């Protein structure tokens, strides 16, 4: 303990000026949060309220009917979306994850820079451009609209998301682990398969789910490639219905029954995207804990 | 007989030369310590002995490293094969986080093809015993390797390296991230291991070198200053710089 008296005196209380400032900033921040949340809550509230009212066995069990007939549903749209997104997953997961592995583990020099740049550009192109591109490439070549073309269009949108997100999570795996594997005599590909990928596991899965959530709600590219269909189509080479398409069409119709179905479809899309996003979020939090 | 013979070895990171014309012979069944101040190239030298140096982007090596009379830098040699015979333990314990204790111990064995489970576990146990870890983990072999203490993790990494029965064990400051008690355990282990393996250990702790090594190499600015029996290096070194370093005048 020093005997000399300090020239500074610690203030015992916080000055009222600082208190006021603190309060003003707190209020400003909370107001911003509320303003940002209002539209989201309004959308969710309205979709849930009108969507729940539209949910019935018919929604899932019946296909589309003319507005004059009661009991129409969206069965063909749900199945169509499942097929289109399923195809998109089948194409984009191998492509996206492998690109991510390449960028994180092998990618140095010019080729990697070009791939990374391409992925970045694709991330920001408007989805209708992707749809138009695939229309010109696949629909025109095959002679008709199809689930396959829609799956490819969604792949164009989904793989760059997966590639970049996979690259990011693989980069989080410490170099020491790779060296540990190499020093044991693991060839490089085996280090990736047995050590890097399992360690990043949930992160890669999160990347996939976020991309799927994006693909699920896309309307414009599906409109230009799948066209829509009033009946269940199991042939990937034929025109196929999709939930976003039905929502788009029915929402602008004059018939209350169709508009109700649109709300029902919108609610199901919202639930799907929410489940995917929340699961992805939870997995990535758990992953971060394990990495530490 | 010399098991490892290094001649005119130089190494670079990009355009920066970190090793200059290193010559060194390591005898079978001996423990060699590499000492020197930070940044003198100790770790780079040891990483050149099992071709780990080249795994860093932009790294390059010139010169020869004969292992049992064969140049490991011969273009026909597969580095993967070299690394199975020359094991390595790193500064920071790096057990594989997704694998259990036993899976970590036998991780290197899985490469040798499918072994029967009993065989695998027997060899895992032998490696864990050799690393002095068996008694502490035998009741929880299924636990994740990352749940062990730092010192135990490092011994698990030693077990992992020993399980593939290498001829040489390289240790890159294996105790520098550990507490004194764990450090002592590792040092005891090194003295036990050198009867069966050739050990090369990098350390910045001179007492540690004096305690465990038969031979000591003193490096400065990427060059060998002096190499000789540990006793001689620490009591009657020939080079003034060695004497200054071991008596604590710099470094």
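Chains as they are written, first to last, in my numbering: chain A, 81 to 372; chain B, 567 to 817. Note that CB positions come from ideal geometry on N, CA and C, so glycine has one too. Remember, predicted model here, so these are calculated numbers, not experimental data.
Segment contact, 8 Å Cβ cut-off, at least three pairs: the stretch 332–347 of chain A with the stretch 124–135 of chain A: Taking a cut-off of 8 Å on C-beta distances, the stretch 332–347 of chain A touches the stretch 124–135 of chain A, as three or more cross pairs fall below it.
Residue 662/B: contacting residues in chain A (beta-carbon distance under 9 Å): By Cβ distance, chain A contributes 257, 260, 261, 274, 275, 278, 279.
Beta-carbon proximity check, residue 299/A vs residue 253/A, cutoff 9 Å: Between residue 299/A and residue 253/A, the gap from beta carbon to beta carbon reaches 9 Å or more.
Counted within 10 angstroms of its Cβ, other Cβ atoms place residue 816/B as buried (16 or more) or exposed: It counts as exposed.
Under 9 Å between C-beta atoms of residue 286/A and residue 361/A: Yes; because the gap between Cβ atoms is below 9 Å, this pair is in contact.
Continuous beta strand (DSSP E) stretch holding residue 578/B: start and end: According to the DSSP assignment, residue 578/B belongs to the beta strand (DSSP E) that extends over 568–579.
Classification of residue 118/A by the beta-carbon crowding that lies within 10 angstroms, buried from 16 upward: Burial state of residue 118/A is exposed, judged by a 10 Å Cβ sphere holding fewer than 16 other Cβ atoms.
At least three beta-carbon pairs within less than 8 Å, the stretch 269–289 of chain A to the stretch 242–252 of chain A: The stretch 242–252 of chain A and the stretch 269–289 of chain A touch, with three or more beta-carbon pairs separated by less than 8 Å.
Which residues DSSP lists as bridging residue 652/B, in chain order: 734/B.
Outcome for residue 365/A when other beta-carbon atoms lying within 10 angstroms are tallied against a minimum of 16: With fewer than 16 other Cβ atoms inside 10 Å of its own Cβ, residue 365/A counts as exposed.
Extent of the continuous beta strand (DSSP E) to which residue 632/B belongs: Following the DSSP letters along the chain, one finds residue 632/B inside the beta strand (DSSP E) bounded by residues 625–633.
Residue of 780/B, 721/B, 774/B, 597/B minimising C-alpha distance to residue 763/B: Measuring C-alpha to C-alpha distances from residue 763/B to each of 780/B, 721/B, 774/B, 597/B identifies 597/B as the nearest.
Which of helix, strand or coil DSSP assigns to residue 694/B: Here residue 694/B sits in helix by DSSP.
Sequence-distant residues of its chain with Cβ nearer than 6 Å to residue 626/B (five each side left out): Contacts found: 578.
Terminal residues of the beta strand (DSSP E) in which residue 582/B lies: Residue 582/B -> beta strand (DSSP E) spans 582–593.
Between the CA atoms of residue 618/B and residue 685/B - distance to the nearest angstrom: When the Cα atoms are used, residue 685/B and residue 618/B turn out to be separated by approximately 30 Å.
Closest by C-alpha distance to residue 592/B, when choosing among 694/B, 759/B, 631/B, 639/B: The option with the nearest alpha carbon to residue 592/B is 631/B.
Check whether residue 734/B and residue 722/B have beta carbons under 9 Å apart: The answer is no: Cβ separation not under 9 Å.
Chain A contacts made by the stretch 593–616 of chain B, where a contact means CB separation under 8 Å: Within the stretch 593–616 of chain B, 616 place their CB atoms closer than 8 Å to a CB of chain A, listed in sequence order.
Contacts that residue 266/A makes with chain B (C-beta to C-beta distance below 7 Å): Within chain B, the residues near residue 266/A are 677.
Proximity below 9 Å, CB of residue 624/B to CB of residue 264/A: It is not a contact, given that the beta carbons lie outside the stated cut-off.
Nonlocal neighbours in the same chain, by C-beta distance under 7 Å from residue 89/A, ignoring five residues either side: Excluding sequence neighbours, residue 89/A sits near nothing in its chain.
Through-space distance from residue 104/A to residue 150/A, alpha-carbon basis: Residue 150/A and residue 104/A have their C-alpha atoms some 57 Å from each other.
Positions along the stretch 683–702 of chain B whose CB lies within less than 8 Å of some CB in chain A: Residues passing the 8 Å Cβ filter: none.
Where residue 82/A sits in the DSSP three-state scheme: Its pLDDT being 49, under 50, residue 82/A is placed unreliably by the model, and nothing is read from it.
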